[in-house]
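First residue of the sequence shown: 1391, per our numbering; consecutive thereafter.
Where a beta carbon is used, it is the ideal one built from N, C-alpha and C, also for glycine.
Since the structure comes first, as structure tokens, the remarks are kept for the end.
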Amino acid sequence: MDITGIIIGLVIGGVAAYLIASLAAKKGGNKAVEEANAQADLIIRESRLSAKRVEDEAAMKAQKIVGTAEADNERIKQQKIQEAKERYAQMRLEIEEEKTKRQLELKDLEMDIASQQKDLKIENDAFEARLKELENKKGEIEVRESEIVTLRENLDKQLKIVQKKKEELDTANEERIKALETIAKLSQQDAKDQLLEQVRAKSESEAQTIVRDAVTQAKLNASKEAKKIVIQTIQRMAAEFTIENTVSVFNLENDEMKGQIIGREGRNIRALEAATGVEVIVDDTPEAIVLSSFDPVRREIARLSLQRLVADGRIHPQRIEEVVAKVTKQLEEQIVEIGERTVIELGIHGLNAALVRMVGRMRFRSSYGQNLLKHSIETAELCAIMAAELGMNPKQIKMAKRAGLLHDIGKVAEEETELSHALVGMKLCEQHGEHPVIVNAVGAHHDEIEMNNILSPIIQACDAISGARPGARREILENYLKRIGELEEIARSYEGVSNAFAMQAGRELRVIVEADKVTDQYADDLSFLISQKIQDEMQYPGQIRVTVIREKRAVAFAR
């Protein structure tokens, strides 16, 4: 309750008194008026008492509200004061930290400035010393220039004297030459030409003799140890090789199995070819089926699948797909096992799993009829032996063996690319974290990149030894005949050669010359020239012996 309640009570009391007075006036009696007045006074007193009571209550409540508000105000005031103190302390701490930081930065800056001033002072002293030195040199140069001027004047005088003497000598020389020409009846140019021709002929003969002797001596001296090392290496290595073709022959117990393998309208063969990617050839060959593919892994999958299908007897497209899938999985495991066994046998450690799998795939790849895995193993062992013979340390010997095993890894890469197998192998070794020395040896073993370490020529030499030894590889007949023809053609290109014959599978070239056109001296030179041209223009394993035969026959008849 507040002052508004008091006012409302007074208004209500006044209205009630007025109504009662009006009612009494209407009845018209004084008595009624008095009663009404008395009643109105009573009501007014009660209204005042009620208003007083309401006022007291309102005052008490107002006092209570004021007290509560003062308490809340004091509490908020104390809270704000506390927050202000904390904020002040925080700001003071931050200011102190910033001040300390600024002081440290200022100190560092002062140290830097002092250091720079010291460096500038040193540079300034050096500059002044250099300037002083230049001034001294300038004085020396001026003195030297004056000496040079004097010397030049003297030289000019002497040059004039020499020029005069030269003119006198030239005049005397011309007179002397004219006298000699008159006596010898030859001009100066004719005599010079004859002399040059004689000197040229003699020089060519002596040069060829010197070159031939130097090459012979170099071969005797330089290749002695190399031959010894290569021979020892080859003698310590022995390996067996089998000839592999692009076809595999699957033998049958009888020809009745061919019909079952072919299936109704050839569906079994089509299913087998679709699953393996191998061409299955069923012809009149008794008790045999030919599997043809350039991928030896696919041929092996097809052969093993046919072997299981024939043994099982259930041959239909669904069964063929199941068997091929199972054989493929088992062959992949076998490839990994072959790779792991190979690296363990060679003592090679830390080889990437992908490279180990590629080593296993080499087992099913051949190159010129030579099994690629056998060739790589042989090359690796040859490299280790040759490195040991050359006195390399154990680490280099292991790296040589590792590079020898991986040198043809590009031939079994699964990705089709236009790069050569050496460059593909180099990229594979680089991708799988091989040492840069091994990467270079793999990429350079066919001279497609530059060799930059001692192992690269060893890998190249051992690769040639393994591939070029008799019986290691088969050569295509057309390439062989072409090489023999080129060999004989080189010999026939020289003047005086009547015929040439390549013998011992191209390892010896016998050259027949005409006796009336070729002298004995020129025959020696001709053998050397032909051997050098063969060496520069042809690629061949081992060496080729060039024999020049000059025969003169004197025939007479006794009659």
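Rounded to whole angstroms, what is the Cα-Cα separation between Ser1883 and Gln1911?
Position 493 of the sequence shown, counted from the first residue, corresponds to residue 1883. Position 521 of the sequence shown, counted from the first residue, corresponds to residue 1911. For Ser1883 and Gln1911, the distance between alpha carbons rounds to 19 Å.
Assign Met1789 to one of two classes, buried (16 or more other C-beta atoms within 10 Å of its C-beta) or exposed (fewer than that).
Sequence index remark: in the sequence shown, residue 1789 carries index 399 (1-based). Result: buried.
For Gln1911, which of helix, strand or coil comes out of DSSP?
Your numbering for residue 1911 matches position 521 in the sequence shown. Three-state result, Gln1911: helix.
Could you compute how far the alpha carbon of Arg1704 sits from the alpha carbon of Val1714?
Start at 1 with the first residue of the sequence shown, and residue 1704 comes out as number 314. Start at 1 with the first residue of the sequence shown, and residue 1714 comes out as number 324. Taking the straight line from one Cα to the other gives about 13 Å.
Which one of Ala1774, Ile1828, Glu1808 has the shortest CA to CA distance from Leu1796?
Counting from 1 along the sequence shown, the entry for residue 1796 is found at position 406. It is Ile1828.
Helix, strand or coil for Ile1551 per DSSP?
Counted from its first residue, the sequence shown places residue 1551 at position 161. It is helical.
Once you ignore the five residues that flank Asn1641 on each side, which residues in its own chain have a CB closer than 7 Å to its CB?
Locating residue 1641 in the sequence shown gives position 251, counting from the first residue. Here the set comprises Glu1677, Ala1678.
Would you kindly check if the distance between the Cβ of Arg1935 and the Cβ of Arg1897 is under 8 Å?
Counted from its first residue, the sequence shown places residue 1897 at position 507. Counted from its first residue, the sequence shown places residue 1935 at position 545. A contact, by the Cβ cut-off of 8 Å.
Unbroken alpha helix (DSSP H) run spanning Thr1732, endpoints:
Here the question's residue 1732 lines up with position 342 in the sequence shown. Here the alpha helix (DSSP H) through Thr1732 covers 1707 to 1736.
Flag this pair as touching only if the region 1663 to 1671 and the region 1690 to 1697 have three or more C-beta atom pairs under 8 Å; answer yes or no.
yes
Answer with buried or exposed for Ile1848, where buried requires no fewer than 16 other C-beta atoms within 10 angstroms of its C-beta.
Translated into positions along the sequence shown, residue 1848 becomes position 458. In the assembly as shown, Ile1848 is a buried residue. Its beta-carbon has 16 or more other beta-carbons within 10 Å.
Any idea what DSSP makes of Ile1679, helix, strand or coil?
Walking along the sequence shown from the start, residue 1679 turns up at place 289. It is a strand residue.
If Glu1878 and Ala1890 are in contact, beta carbons under 8 Å, what's the gap, nearest whole angstrom?
Mapped onto the sequence shown, residue 1878 falls at position 488. Mapped onto the sequence shown, residue 1890 falls at position 500. About 5 Å; that satisfies the 8 Å criterion.
Find the nearest neighbour of Gln1724 within the set Gly1740, Leu1699, Gly1750, Arg1709, judged by alpha-carbon distance.
Residue numbering aside, residue 1724 sits at position 334 when the sequence shown is read from its first letter. For the residues Gly1740, Leu1699, Gly1750, Arg1709, the minimum Cα distance to Gln1724 belongs to Gly1750.
Identify whether Ile1939 lies in helix, strand or coil by the three-state DSSP scheme.
As a working note, residue 1939 is residue 549 in the sequence shown. Per DSSP, reduced to three states, the secondary structure at Ile1939 is strand.
By the DSSP assignment, the beta strand (DSSP E) with Val1901 in it spans what residues?
Taking the sequence shown and counting its residues from 1, one reaches residue 1901 at position 511. Element bounds for Val1901: 1898 to 1903.
In three-state terms, what does DSSP make of Ala1890?
Taking the sequence shown and counting its residues from 1, one reaches residue 1890 at position 500. Strand at Ala1890.
Closest by C-alpha distance to Asp1673, when choosing among Ser1856, Ser1695, Arg1698, Met1647
Counting from one through the sequence shown, the residue named residue 1673 turns up at place 283. When each option's Cα is compared against that of Asp1673, the closest is Met1647.
Whole-Å CB distance - Leu1741 paired with Gln1786, under 8 Å assumed
Residue numbering aside, residue 1741 sits at position 351 when the sequence shown is read from its first letter. Residue numbering aside, residue 1786 sits at position 396 when the sequence shown is read from its first letter. At roughly 18 Å, the Cβ-Cβ gap does not stay under 8 Å, so Leu1741 and Gln1786 are not in contact.
Apply the 10 Å Cβ neighbour rule to Met1776 and answer buried if 16 or more other Cβ atoms are within range, or exposed otherwise.
Counting from 1 along the sequence shown, the entry for residue 1776 is found at position 386. Counting C-beta atoms within 10 angstroms of its own C-beta, Met1776 has 16 or more neighbours from the protein chains shown and is therefore classed as buried.
Report all residues from its chain with a CB closer than 8 Å to the CB of Glu1840; omit the five preceding and five following residues, and keep chain order.
Along the sequence shown, read from residue 1 onward, the residue named residue 1840 stands at position 450. For Glu1840, where only same-chain residues beyond five positions count, the Cβ hits under 8 Å are Ala1834.
When DSSP builds the beta bridges, which residues end up paired with Phe1640?
As a working mapping, residue 1640 is identified with position 250 in the sequence shown. Paired residue(s): Ile1679.
Which same chain residues, not among the five before or five after Glu1865, have their C-beta less than 6 Å away from its C-beta?
The count along the sequence shown starts at 1 and reaches residue 1865 at position 475. Only weak support exists for where Glu1865 lies, its pLDDT of 48 falling under 50; the value from the coordinates is given anyway. Excluding residues within five positions, none has a Cβ falling inside 6 Å.
Proximity to Val1717 [Cα-Cα], best of Lys1801, Leu1662, Val1887, Ala1562
As a first step, residue 1717 is located in the sequence shown; it is residue number 327 there, counting from the start. Among Lys1801, Leu1662, Val1887, Ala1562, the Cα nearest to that of Val1717 belongs to Leu1662.
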